[in-house]
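One structure is given below, encoded as structure tokens.
Numbering (my numbering), first residue to last: 160 to 287.
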């Protein structure tokens with residue numbers, strides 16, 4: 160779980176209801192986007208998830224693999240670029256949603272919509 164957080168910057172299963180997080184007991188794992196995490200790190204993480212502790216990598220193997228990942232700076236740089244781009248898109252989507260809501264709730268002149276209404280409906284209309 161720690162490795163997943165380090166790789167993605169997100170809590171594991173943050174998109175699932177609490178009771179669905181127990182799916183991990185049934186070997187349901189969260190998908191990992193290979194563009195945001197170096198491949199060797201993903202492999203190590205998946206090996207560490209093995210239900211049989213004897214099949215998991217020992218600490219010295221884990222350290223070696225992590226050092227290998229760190230040595231490949233280009234993979235890390237690509238993952239960071241991808242994550243930053245995703246963050247930018249995510250922020251832009253949130254800004255767009257807020258702007259839409261603001262525009263939706265901003266008062267608008269109704270003259271184009273009310274010109275064909277019966278004059279009785281417009282007794283209290285404010286005319287520019």
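Yeah, the Cβ is synthetic: ideal placement off N, Cα and C, and Gly gets one too.
Would you mind reading off the limits of the alpha helix (DSSP H) that contains residue i?
i           : result
residue 205 : 198-207
residue 162 : 161-167
residue 195 : No alpha helix (DSSP H) contains residue 195, which DSSP labels as neither H nor E.
Please report the straight-line C-alpha distance between residue i and residue j, rounded to a whole angstrom.
i           : j           : result
residue 232 : residue 197 : 10 Å
residue 243 : residue 209 : 30 Å
residue 224 : residue 251 : 36 Å
residue 163 : residue 262 : 39 Å
residue 230 : residue 195 : 17 Å
Which residue's Cα is closest to the Cα of residue i: the options?
i           : options            : result
residue 168 : 224, 217, 223, 238 : 238
residue 219 : 211, 234, 203      : 203
residue 160 : 205, 195, 228, 253 : 205
residue 201 : 236, 165, 241      : 165
residue 190 : 215, 249, 172      : 172
*Ignoring anything shorter than 4 residues or poking outside the stretch 224-265, list the alpha helix (DSSP H) runs there in chain order.*
232-264
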